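Below is one structure; the comments refer to it alone.
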Amino acid sequence: MTRHPEDSVERLVRLAGERDLPSPEATQRARAASEQAWRQMLARSAPRAARGRLLGLGLALAASLAAAWWFNRTATDSVMPLEVGRVIALQGNATSLAMDKEWPVAVNEAVSTGNTLVTRGRVALSLGGASSLRLDRNTRLRVDARDHVTLLAGSLYVDSGGLNASSSLRIATPAGEIGHIGTQFQVFVGDALTRVRVREGRVSVTSDAGTQDLATGDALEVRGAERQVMRGLPAYGADWAWAASVAAALEIENRPLGEFLAWLAREQGWQLRYGSDALQEQAAQIRLHGALEGLDANGMIERVALITGVPLQMRDGVLWVGTPR
Amino acid sequence: MNTSDLELVQRLLRGEARGFDEFFNEYYPKLYRFALRRLPADPAGAEDVAQATLCRALESLPGFRGEAALFTWLCTLCRRELSQRWRVAGDQAPAVPLVEDDPQVRAALESLMASVPDDPLAAAQRADMREAIRTVLDYLPAPYGDVLEWKYLRDLSMKEIARRLGRSPKAAESLLTRAREAFREAFSLMAGAGATGATR
Chain A
3 MTRHPEDSVE RLVRLAGERD LPSPEATQRA RAASEQAWRQ MLARSAPRAA
53 RGRLLGLGLA LAASLAAAWW FNRTATDSVM PLEVGRVIAL QGNATSLAMD
103 KEWPVAVNEA VSTGNTLVTR GRVALSLGGA SSLRLDRNTR LRVDARDHVT
153 LLAGSLYVDS GGLNASSSLR IATPAGEIGH IGTQFQVFVG DALTRVRVRE
203 GRVSVTSDAG TQDLATGDAL EVRGAERQVM RGLPAYGADW AWAASVAAAL
253 EIENRPLGEF LAWLAREQGW QLRYGSDALQ EQAAQIRLHG ALEGLDANGM
303 IERVALITGV PLQMRDGVLW VGTPR
Chain B
9 MNTSDLELVQ RLLRGEARGF DEFFNEYYPK LYRFALRRLP ADPAGAEDVA
59 QATLCRALES LPGFRGEAAL FTWLCTLCRR ELSQRWRVAG DQAPAVPLVE
109 DDPQVRAALE SLMASVPDDP LAAAQRADMR EAIRTVLDYL PAPYGDVLEW
159 KYLRDLSMKE IARRLGRSPK AAESLLTRAR EAFREAFSLM AGAGATGATR
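If you read the sequences in order, they're chains A and B. The first sequence lines up with residues 3 to 327 when you count with my numbering. The second sequence lines up with residues 9 to 208 when you count with my numbering.
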């Protein structure tokens, strides 16, 4: 066989240029349609597979042995749905899809691999024992594994629980796969746009175009081949409010004031600062009692300031305890 | 059918979500390009045909016997979708034969085996050459086509390619070598079959 010079392959590939790609919108449509066809096929083929196996065994083995064999075979050959998370809060309606079945989501319901959550309202999940995921209205999220989800459409907020938390969760989107290091961020997938915005920590978005690293206050917008990075965006405000609104309520009974304030600041994307060391110490000593359900963030601040006598005020994204320095 | 095809089909039949992702990410763009070459003025139509083909394939997957490579089977389904589209629209299939529709070329691409012309570059005009190269890249086993593009078109480092592949740099280097070899053989075969003047 004739051998061409080593660089001939490079020359030919360069000559051809990039191969054509379908549009992101079409890709998203095709993915949703294909996935539906796949799940319908799985739902149809499961009973047939079971019948085939049992018939084959019926002639050779006693019924009990056949049943035992089939059970073991099914258990080992199939990828059974694994319970990997739980619904922890729900606002309005949402449904779960799996194997061609659809049912309403309820609080405390288990979330398993293969489930696709479809929201009309908002949903908060715990996933993999550590990450808190929140789905905005009109979102479709498929749970692939304990550490992998696919955002098919809509908005997803992730709070991995701080810088020391597990960073294994990965999120597939049309713009690439998103990984992170202990962080809070949100991802939006629309018809033609994918947007990643980092509230705290670090996030990487990996696609054929390369890897884009994002830090606190950064956002990446991807429209087809066009990618735009923005810096210095605030960690609080209307863009983040939906995620805080569906956060699971914090039980405050006997909880130190300082702990509650840290939770509230994290949920809202605020910085927490103390006017003095003495106030910080005091906040650690004061214990809260009762409940704050039904109040928004400002309502909680007012109520807690009233019952503890500790002055609290918001200024430019900072929650001040005492007088601002 | 090669082992990776077989494994992928089995994973799809078992309901593995990541298997679905691999299948979709690998074959949707390839089917799109396959359809686009036959509908060159209608990219949106090519997108629809590729989507319909994938849906049809997934519905029919339990009946897939593995007698051909997975991509070959998908291309057969895609041709049917295209025929149906032309029939409904009252159109004729394009008169210009595509190099990969030639039975000899198709057989060559599918087998990726032996025999070569001396100078493939002389066998076609430049535009045809581009098309031929892109077709070869699509027919190469995954992820050879992507690796060649990453290396030679996007100038990615071997470290970055290794990271994308989830392999060590040494393994990625070895894969690139195999990709080069497979491309060279497939391209030579294709150019050789095309040079014989065979048409469908």
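For each residue, glycine too, the CB sits at the ideal point set by N, CA and C. Remember, predicted model here, so these are calculated numbers, not experimental data.
**OP:** Report the rounded CA-to-CA distance for Ala293 (chain A) versus Ala246 (chain A), giving the unit in angstroms.
**Re:** 17 Å
Subject >> Ile141 (chain B) in three-state terms, based on DSSP >> reply: helix
Original post:
Is the CB of Leu44 (chain B) under 8 Å away from at least one CB in chain A?
Top reply: yes
Original post:
What do you get for Pro106 (chain A), buried or exposed, if any count of 16 or more other CB atoms within 10 angstroms of its CB means buried?
Top reply: exposed
**OP:** Please say whether Arg142 (chain A) and Leu154 (chain A) have beta carbons closer to each other than 8 Å?
**Re:** yes
Original post:
What's the call for Thr198 (chain B), buried or exposed, on a 16-neighbour Cβ count within 10 Å?
Top reply: Thr is not the amino acid found at residue 198 (chain B); the sequence shown has Met there. Buried: at least 16 other Cβ atoms inside 10 Å.
**OP:** Express the C-alpha separation of Ala58 (chain B) and Asp50 (chain B) in angstroms, rounding to a whole number.
**Re:** 12 Å
**OP:** Return the residue from the list A:Val189, A:Asp193 and A:Gly181 that minimises the CA-CA distance to Leu222 (chain A).
**Re:** A:Val189
Original post:
Taking one C-beta from the region 269–282 of chain A and one from the region 315–324 of chain A each time, how about it: are there three or more such pairs within less than 8 Å?
Top reply: yes
Subject >> Collapsed DSSP secondary structure at Val189 (chain A) in the structure displayed >> reply: strand
Original post:
Any idea if His291 (chain A) is buried or exposed, counting beta-carbon neighbours within 10 angstroms, 16 or more meaning buried?
Top reply: exposed
Original post:
Looking at C-beta atoms only, is the number of pairs between the region 135–147 of chain B and the region 168–182 of chain B that lie closer than 8 Å three or more?
Top reply: no
Original post:
Roughly how many angstroms lie between the CA atoms of Pro258 (chain A) and Val125 (chain A), to the nearest whole one?
Top reply: 28 Å
Original post:
Taking DSSP as the reference, what is the three-state secondary structure of Ser68 (chain B)?
Top reply: helix
Subject >> is_contact[Met43 (chain A), chain B] using C-beta, thresh 8 Å >> reply: yes
Subject >> Whole-number beta carbon distance between Arg144 (chain A) and Thr152 (chain A), since they are thought to touch under 8 Å >> reply: 4 Å
Original post:
When Cβ atoms are compared, which residues of the region 56–90 of chain B fall closer than 7 Å to chain A?
Top reply: Ala58, Gln59, Leu62, Cys63, Leu66, Glu67, Leu69 and Pro70
Original post:
Any idea what DSSP makes of Leu20 (chain B), helix, strand or coil?
Top reply: helix
**OP:** List the endpoints of the continuous alpha helix (DSSP H) containing Tyr238 (chain A).
**Re:** No alpha helix (DSSP H) holds Tyr238 (chain A); DSSP gives it neither H nor E.
Original post:
Looking only at its own chain, which residues have a Cβ that is under 6 Å from the Cβ of Trp244 (chain A), when we skip the five neighbours before and after it?
Top reply: Asp138
Original post:
Comparing the C-beta of Arg268 (chain A) with each C-beta of chain B, is any distance below 8 Å?
Top reply: no
Original post:
Between Phe73 (chain A) and the rest of its own chain, which residues show a CB-CB distance below 8 Å, the 5 nearest in sequence each way excluded?
Top reply: Because Phe73 (chain A) sits at a pLDDT of 31, beneath the cut-off of 50, its placement in the model cannot be relied upon, and the point is left open.
Original post:
Looking at Val231 (chain A) and Asp220 (chain A), is the spacing between their C-beta atoms short of 8 Å?
Top reply: yes
**OP:** Quick one: grab the DSSP three-state call for Leu156 (chain B).
**Re:** helix
Original post:
Between the region 153–168 of chain B and chain A, which residues of the former have a C-beta closer than 9 Å to a C-beta of the latter?
Top reply: Gly153, Asp154, Leu156, Glu157, Trp158, Lys159, Tyr160, Leu161, Arg162, Leu164 and Glu168
**OP:** Tell me whether Ala112 (chain A) is buried or exposed, calling it buried when 16 or more other Cβ atoms sit within 10 Å of its Cβ.
**Re:** exposed
Subject >> Residue of B:Gly174, B:Phe28 and B:Ala60 minimising C-alpha distance to Leu39 (chain B) >> reply: B:Ala60
Original post:
Got a sec? Which residues, its chain only, sit under 8 Å from Ala211 (chain A) by beta carbon, not counting five neighbours each side?
Top reply: Gly178, Ala227 and Arg229
Original post:
Is the Cβ of Thr78 (chain A) closer than 8 Å to any Cβ of chain B?
Top reply: Reliability of the predicted coordinates at Thr78 (chain A) is poor, the pLDDT of 31 falling under 50, and the value obtained from them is presented with this limitation in mind. No, no contact with chain B.
**OP:** Output the boundary residues of the beta strand (DSSP E) element that contains Trp105 (chain A).
**Re:** Lys103 to Pro106
Original post:
Is the beta carbon of Val89 (chain A) less than 8 Å from the beta carbon of Val120 (chain A)?
Top reply: no
Original post:
Nearest to Arg13 (chain A) by alpha carbon, out of B:Asn33, B:Glu67, B:Glu157 and B:Lys167?
Top reply: B:Glu157
Subject >> Unbroken beta strand (DSSP E) run spanning Glu228 (chain A), endpoints >> reply: Glu228 to Met232
Subject >> the region 193–207 of chain A / the region 24–34 of chain A touching (three or more Cβ pairs under 8 Å) >> reply: yes
Original post:
Since Arg138 (chain B) meets chain A, which of its residues come closer than 7 Å, beta carbon to beta carbon?
Top reply: Leu17, Ala18 and Gly19
Original post:
What's the C-alpha gap between Arg46 (chain A) and Pro48 (chain B)?
Top reply: 37 Å
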